[in-house]
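K.L.:
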Amino acid sequence: MTPKLSVLMPVYNERSTLAEIVQRVQNVPLDKEIIIVDNVSSDGTREDLQAMIERGEAGEENSSHPIRVVLQSENRGKGASVRRALELSRGQWIIVQDADLEYDPRDYLRLFEAALRPQRPLDAVFGTRLGHGSAARQKQPRTAFFYGRIGLSLLFRVLYGAPLSDVATCYKLMRRDFAQSLRLQSDGFDLDFEIAAKVARARKKGARVGEIPISYAPRTELEGKKIRAVHDGARAVWALLKFRFLT
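Quick note on my numbering: the sequence shown kicks off at 4 and runs consecutively.
1) Which two residues bound the contiguous beta strand (DSSP E) that contains G213?
2) According to DSSP, is H186 helix, strand or coil?
3) Which term fits D41, buried or exposed, when burial requires 16 or more other beta carbons within 10 angstroms of its beta carbon?
4) What are the residues that DSSP puts in a beta bridge with M12?
5) Compute the Euclidean distance between the alpha carbons of R132 and C173, then round it to the nearest angstrom.
6) Below 8 Å on the Cβ atoms is my contact criterion, and I expect I217 with D101 to pass it. Report the Cβ-Cβ distance as a whole number of Å.
7) At which residue ranges does the region 51-87 contain complete beta strand (DSSP E) runs of 3 or more residues, listed in the order of the chain?
8) For a test of the three-state rule: what should DSSP assign to A199, helix, strand or coil?
9) How many Å lie between G154 and K245 at the Cα?
10) Which value, in whole angstroms, describes the spacing of the CA atoms of P13 and I39?
11) In the DSSP output, which residue or residues are listed as bridge partners for G130?
12) Given 8 Å as the limit, is there contact between the region 206-217 and the region 112-125, that is, 3 or more CB pairs closer than that?
13) Which of helix, strand or coil does DSSP assign to E170?
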């Protein structure tokens, strides 16, 4: 039977949080599959995933198990891992789930509620951490990451004219056929911005896109956050410009 939701979970050195996030996703009362793609972790994550397969708690990438594991042969970046998981997905809908516990899988239900409203069903729903007055915005520390996200979202709105307040959000619930029609290319963290850019272009052609507030518990670089503010911010700006003017 086709699952309702495919959860695409890229992982890289997430041994300390992997078991917890998998359990949190499993606890969400939705018909779903989880596709975990390891990006050549060196902290024991890869070995833990192999052990899950050996114990029957997960299956290999082409199995029928509700949790499937893909062990990449080389580190090609988060975007490449997400694209591989999307290729393997079987659900009617897809969502990316980071493994670091910043995002709460219980928000899936609220995202689906917004997507499946009878009066206006949607092709994609973005979860925003930056909506004015939202609890997630108020709780976030005012760091370079926070202001960088705001700046990138402002640039996005200027370039694309789409009313989305948080283009860097991990939670973008999309119909699988719609997501696959975007023909994603990015290998790194800039995939989030490619998705936002292409969703905005699709919106101009009639795609139905919405946004709702979500919860968010940011972690620091000391706690394992892998985004580099300057380097990855520059790549994000380039991605927004490239998909606006060069493709």
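All C-beta atoms in this analysis are idealised placements derived from N, C-alpha and C, irrespective of residue type, glycine included.
P.N.:
Reading off the structure:
1) V212 to P216
2) Checking the displayed sequence, the identity of residue 186 turns out to be Arg instead of His. Of the three classes helix, strand and coil, the one that applies to R186 here is coil, per DSSP.
3) buried
4) I39
5) 10 Å
6) In fact, because the Cβ distance is near 12 Å, the residues do not count as touching under 8 Å.
7) 70-74
8) helix
9) 17 Å
10) 6 Å
11) I215
12) yes
13) Note on identity: in this sequence residue 170 is Val, with Glu being the wrong assignment. If DSSP states are grouped into helix, strand and coil, V170 belongs with coil.
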